[in-house]
Amino acid sequence: MIEGMMMGINTAFSGYNILMVMMGCFAGTIIGMLPGLGPMSAIALMIPITYGFDPASAMILMAGVYYGAIFGGSTSSILINAPGVAGTVSSSFDGYPMSQKGQAGKALAIAAYASFSGGTIAALFLLVAAPQLAKVSLSFQSADYFALMCVGLLSIAAFASKGQFLKAMIMTALGLALATVGQDSLSDITRFAFGNINLMDGISFVLLVMATFAMSEAFMIIFKKMDINFKSSDVSKTSLGSIKLSKKEVKEMVPTIGRTSVLGFFVGVLPGAGATIASFLAWGFERSIASAKDKLKFGKGSVKGLAAPETANNAACTGSFVPLLTLGIPGSGTTAVMLGALLSFGVQPGPRLYVEQPELFWAVIISMYIGNVVLLVLNLPLIPYIARILAIPKNILVPLVLFFSVTGVYLISFNSFDIYFMAIVALISLVLRVLNYPMPPLILGFILGGMLEKNLRRAVLINDGSFSFIWERPISLSLFIIAILIVLLQVYQGFKKEKE
Amino acid sequence: MTINYTRISAFIFLLIFLIYSYLAGEIRVFAFDENADFNARTFPKLISYLGIIVSLLTLVLSKNEEENMSQYEWISVIILFALVFSYGLLIKTIGFFVSTNLFLIISYLYLGVRNYKVIIFSSFPVVAGLQFMLHGLLDVYIRDPFLQFLGVIS
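Chains as they are written, first to last, in the numbering used here: chain A, 1 to 500; chain B, 1 to 154.
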């Protein structure tokens, strides 16, 4: 382990990879700040840039983009009450009132310190938990992997659906169906290509992600006549004030950071949960344990109320890397996109990654520390300048997002068919999103489809064609019980809602 | 049961999964694999069952949500979609640099940008910068007859 860690430190601290972290954090902050464009779109737009990179550098860049986007989202939440990403909505509860009181600088500093601490504490947990979990998961067999993926798919559908579980399940099934287009991995038989040579290799993952997120988001801005741009005067007139914190404020923040980083990390590890749930939970949790006097301050510019969601969302981002790196199962939509990118580099995340490519495994973990320092040292002083990006008019932004999406897909294949196909998929996604069909389950279904089939095939063949592995293996059985519980919980919530 | 957009979409999905199920049964497998416990048809069949069940449940259980589709900017999106499509058509024939700049400039103009300085600064330098990064720094070759003709790239 020590040897692997040293290799990881070497890789992460190379000048090139430090530059990647800085670039990732910077780009993520800018994209995350723009309302509508979240971490998934930010990472999707970065994929084409990483083509010539080695997997470690690409992963480091994308991880930087991820927590940069979360930090950027907080900035627009605090300054103009327009959260760039869902994970930072709860930061606006107390951040924006502070801004209105002329304490925007202080609020941004609290957000930066809390994000830094949350990310760093969670990275320490990751350092301890990931190798242990990787060792345990080495005993997993195909049947257990199949069961685990079912749990992952169901929980993403449950959490991402916002009460529309059935619609999320339709999207999961659609994602799985799209994954079957092209050659079957074992027999090499072509399926669902309809004689079209462009479909024989299957649908490109980058194409699907770009179309369903970046391009459809750009269409959505025009479609819903969203007023996403703010006058530069609105941004610059927000008085930043001092970024210094008093001793009393620091004292108030420290226990909150400690508690919510643990909470955020564990919520992040759960498949499907992620930064949004972690930040809301942390805000609610801190409010519930606060004294009656402190409780009144929540929602009106409380230090604790801002530090809690900021710590938790960054800790959850780090936590979501645990299932990705150790089990090869993404814990959130964003890590699902990263999994797809890793697979396209020929890297298979999972327990073997820890053994076979320790430099990649550890470099990603260690780069998170560097990323947190970059966010604190580089982004905090630059925030007043970076915030001007909010003034980019949507009629400039939309064509640029469309251009980057098209270029990203075209650069993989140099095939115009992919551009047509992407535009059609983006248009269909737009309609589905308007009808409240969530997109993350589609992406997760698409990415896990191939692995799910492979593991199910292996499990069935090992069991002589029987599905008895479901109840014969204790790990599989426990995981299937969890899957059934997730479905039952959704059914119960549905009935409860109906009654209300 | 009233008709709403969710029910219409669920019905379309039901049709898609029924067709998918039929096509899954039509996948040609090797003769020795025909009666195997798991062949190339098995997984698509299972997905189709899942899709059919959830689409049916959505069709039956969906509540009446009023969604007014006419309030949206359909025409603008369709024009942008057509622009992306045309960009795809042109990129092979006239090359990356010219087609991308054309796409950006027409999109800006269509979306109401009238400041020519903004249009020029948000198109040519962006495209040239990206092309330099890909071609010059990352060694990603992009076919561009126009720049080749000018002798900018080899």
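By construction, the Cβ of each residue, glycine as well, lies at the ideal position given by its N, Cα and C atoms.
Identify the residues that DSSP records as bridge partners of residue i: which are they?
i, result
"residue 191 of chain A", "A:182"
Would you mind giving the Cβ-Cβ distance between residue i and residue j, rounded to the nearest angstrom? I have them listed as a contact below 8 Å.
i, j, result
"residue 405 of chain A", "residue 33 of chain B", "Incorrect: roughly 40 Å between the Cβ atoms, too far for contact."
"residue 269 of chain A", "residue 322 of chain A", "5 Å"
"residue 339 of chain A", "residue 324 of chain A", "6 Å"
"residue 25 of chain B", "residue 41 of chain B", "6 Å"
"residue 314 of chain A", "residue 119 of chain A", "4 Å"
"residue 21 of chain B", "residue 48 of chain B", "4 Å"
"residue 77 of chain A", "residue 91 of chain A", "4 Å"
"residue 105 of chain B", "residue 119 of chain B", "6 Å"
"residue 111 of chain B", "residue 395 of chain A", "4 Å"
"residue 45 of chain A", "residue 408 of chain A", "7 Å"
"residue 375 of chain A", "residue 125 of chain A", "At roughly 18 Å, the Cβ-Cβ gap does not stay under 8 Å, so residue 375 of chain A and residue 125 of chain A are not in contact."
"residue 110 of chain A", "residue 245 of chain A", "7 Å"
Starting from residue i and walking both ways along the alpha helix (DSSP H), at which residues does that stretch end?
i, result
"residue 4 of chain A", "2-12"
"residue 131 of chain B", "124-131"
"residue 16 of chain B", "5-25"
"residue 366 of chain A", "358-374"
"residue 336 of chain A", "333-344"
"residue 38 of chain B", "Premise fails: residue 38 of chain B is in no alpha helix (DSSP H) and is neither H nor E."
"residue 444 of chain A", "440-462"
"residue 300 of chain A", "First-last for residue 300 of chain A: undefined, no H or E at that position."
"residue 219 of chain A", "216-223"
"residue 498 of chain A", "474-499"
"residue 114 of chain B", "Unbroken run through residue 114 of chain B: none, as it is neither H nor E."
"residue 103 of chain A", "Element bounds for residue 103 of chain A: n/a, residue is neither H nor E."
"residue 395 of chain A", "394-413"
"residue 39 of chain A", "39-46"
"residue 233 of chain B", "The question about residue 233 of chain B has no answer here: the residues shown for chain B are numbered 1 through 154."
"residue 15 of chain A", "15-33"
"residue 425 of chain A", "416-434"
Exposed or buried, which one is residue i when buried takes at least 16 other CB atoms within 10 Å?
i, result
"residue 231 of chain A", "Low confidence applies to residue 231 of chain A: its pLDDT is 49, below 50, so where it sits in the model is not reliable, and the reading given next is rough at best. Counting Cβ neighbours within 10 Å, residue 231 of chain A comes out exposed, since fewer than 16 surround it."
"residue 237 of chain A", "Bear in mind that a pLDDT of 48 at residue 237 of chain A, under 50, signals an unreliable position, so the model cannot answer this."
"residue 31 of chain B", "exposed"
"residue 2 of chain B", "exposed"
"residue 204 of chain A", "buried"
"residue 115 of chain B", "exposed"
"residue 11 of chain A", "buried"
"residue 74 of chain B", "exposed"
"residue 570 of chain A", "Nothing about residue 570 of chain A can be reported from this structure: the residues present for chain A run from 1 to 500 only."
"residue 62 of chain B", "buried"
"residue 499 of chain A", "exposed"
"residue 496 of chain A", "exposed"
"residue 37 of chain B", "exposed"
"residue 21 of chain A", "buried"
"residue 2 of chain A", "exposed"
"residue 418 of chain A", "buried"
"residue 233 of chain A", "In this predicted model, residue 233 of chain A has a pLDDT of only 48, less than 50, meaning its place in the structure is not dependable; the value taken from the coordinates is given anyway. Exposed, because fewer than 16 other Cβ atoms sit within 10 Å of the Cβ of residue 233 of chain A."
"residue 488 of chain A", "exposed"
"residue 136 of chain A", "exposed"
"residue 349 of chain A", "buried"
"residue 164 of chain A", "buried"
"residue 337 of chain A", "buried"
"residue 125 of chain B", "exposed"
"residue 555 of chain A", "Beyond the ends of chain A as shown, which are 1 and 500, falls residue 555 of chain A; an answer cannot be given."
"residue 473 of chain A", "buried"
So which residues of chain E does residue i contact, with C-beta pairs closer than 8 Å?
i, result
"residue 40 of chain B", "No chain E appears in this structure, whose protein chains are A and B."
Q. Going along the chain, which residues of the stretch 103-114 of chain B sit with their C-beta nearer than 8 Å to a C-beta in chain A?
A. 103, 104, 107, 108, 111, 112, 113
Q) For the stretch 464-485 of chain A, which residues have a CB atom closer than 9 Å to at least one CB atom of chain B, in sequence order? A) 464, 465, 466
Q. Mind listing which residues of the stretch 42-54 of chain B have their C-beta closer than 7 Å to chain A's C-betas, in chain order?
A. 43, 44, 47, 50, 51, 54
Q: Return the residues of the stretch 85-102 of chain B that lie within a Cβ-Cβ distance of less than 7 Å from chain A, sorted by chain order.
A: 85, 87, 88, 89, 91, 92, 100
Q. Mind listing which residues of the stretch 415-428 of chain A have their C-beta closer than 7 Å to chain B's C-betas, in chain order?
A. 416, 419, 420, 423, 427
Q: Determine which residues of the stretch 10-34 of chain B have a Cβ less than 9 Å from any Cβ of chain A, and write them out in chain order.
A: 10, 13, 16, 17, 20, 23, 24, 27, 28, 29, 30, 33
Q: Mind checking the stretch 53-67 of chain A against chain B and listing, in chain order, the residues whose C-beta falls within less than 7 Å of any C-beta there?
A: none
Q | Residues in the stretch 67-79 of chain B having any Cβ partner in chain A nearer than 9 Å | A | 67, 69, 71, 72, 73, 74, 76, 77, 78
Q) Closer than 7 Å, Cβ to any Cβ of chain B: which residues of the stretch 293-321 of chain A, in chain order? A) none
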